[in-house]
Ligand SMILES: Cc1cc2nc3c(=O)[nH]c(=O)nc-3n(C[C@H](O)[C@H](O)[C@H](O)COP(=O)(O)O)c2cc1C
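Residue numbers (the UniProt record's numbering): 1 to 200.
The following block contains the structure:
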């Protein structure tokens with residue numbers, strides 16, 4: 001089995017729902033399995049630290065997860081049209097992997113959740129691609145052959161999977177189309193990784 005790292009930050013659970021749908025798509029591809037990881041919150045109080053093990057949900061990512069994965073799905077809530085600082089903080093610690101080229105040639109995709117429909121999903125998705133391009137990753141999007149991409153009334157973009165969570169801070173369920181597109185993206189990422197590894 002080859003692992004696809006599904007790495008996300010989620011404060012209120014909406015981005016986590018997308019991560020789980022992407023993982024479902026990954027796990028549907030023979031020989032591939034998802035490895036779901038999150039990152040701790042960064043604190044404005046620099047003395048404050050999160051416990052080493054999260055109270056619930058998946059474990060925190062380690063740098064070796066990046067090295068061991070055959071592909072990467074990277075997700076964050078939108079924060080002022082950009083990724084959350086907690087995920088950026090993790091990525092800023094990946095200089096050893098950049099120097100060694102550990103991620104070069106591996107496929108990657110991105111996903112995000114916003115509070116509002118036009119709240120910056122596409123800018124967040126594009127900004128999340130930038131560090132991945134510096135790492136030499138091969139970006140995978142969602143093609144319009146996925147019919148939900150034309151039908152969706154909320155999230156789902158050619159740049160990556162997305163969800164509109166609404167005005168409240170709390171988690172809201174993915175729409176049918178948002179989920180279908182997230183699953184399709186996970187499937188496409190895993191198939192691409194399998195083909196790059198020389199599998200049919
Ligand atoms: C500091 C901050 C900035 C935010 N910026 C945006 C934004 O630019 N556009 C938007 O639509 N929603 C914005 N939101 C709302 C979140 O993106 C939205 O609630 C998201 O679904 C949360 O995902 P999560 O449940 O995974 O934490 C912001 C929320 C916070 C706390």
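Even for Gly, the Cβ is constructed at its ideal location relative to N, Cα and C.
The nearest non-hydrogen atom of ligand 1 is 7 Å or more from the C-beta of residue 37.
Residue 45 carries a coil assignment under DSSP once its states are collapsed to helix, strand and coil. For residue 106, the three-state secondary structure derived from DSSP is coil. By the Cβ criterion, the segment 149-166 is in contact with the segment 119-131, since at least three pairs of Cβ atoms, one from each stretch, lie closer than 8 Å. For a cut-off of 8 Å, the C-beta gap from residue 111 to residue 34 is around 13 Å, too long to register as a contact. Going by C-alpha positions, residue 192 is about 37 Å away from residue 49. Those residues whose C-beta sits under 7 Å from the nearest heavy atom of ligand 1 are, from N- to C-terminal order along the chain, 10, 11, 12, 13, 14, 15, 16, 77, 78, 79, 80, 81, 113, 114, 115, 116, 119, 120, 163, 165, 169, 171. Counting along the chain, the unbroken beta strand (DSSP E) around residue 38 starts and ends at 32-38. DSSP places residue 154 outside both helix and strand once states are collapsed to three, so it counts as coil. If you draw a 10 Å sphere on the C-beta of residue 8, you find 16 or more other C-beta atoms in it, and that means buried.
Shown here, residue 176 sits in a helix according to DSSP, grouped into three states.
Partner residues in the beta bridge of residue 6, as assigned by DSSP, are 36, 73.
Counted as a single uninterrupted DSSP element, the beta strand (DSSP E) harbouring residue 163 occupies residues 161-164. In this structure, the beta-carbon distance from residue 96 to residue 140 does not fall below 8 Å.
The shortest CA-to-CA distance from residue 63 to any of 80, 92, 53 is the one to 92. For residue 95, the uninterrupted alpha helix (DSSP H) run begins and ends at 95-100, by DSSP. Residues of the same chain with a CB within less than 6 Å of the CB of residue 173, apart from the 5 flanking positions on each side, do not exist.
Residue burial annotation: residue 152 is buried, with at least 16 other C-beta atoms found within 10 angstroms of its C-beta.
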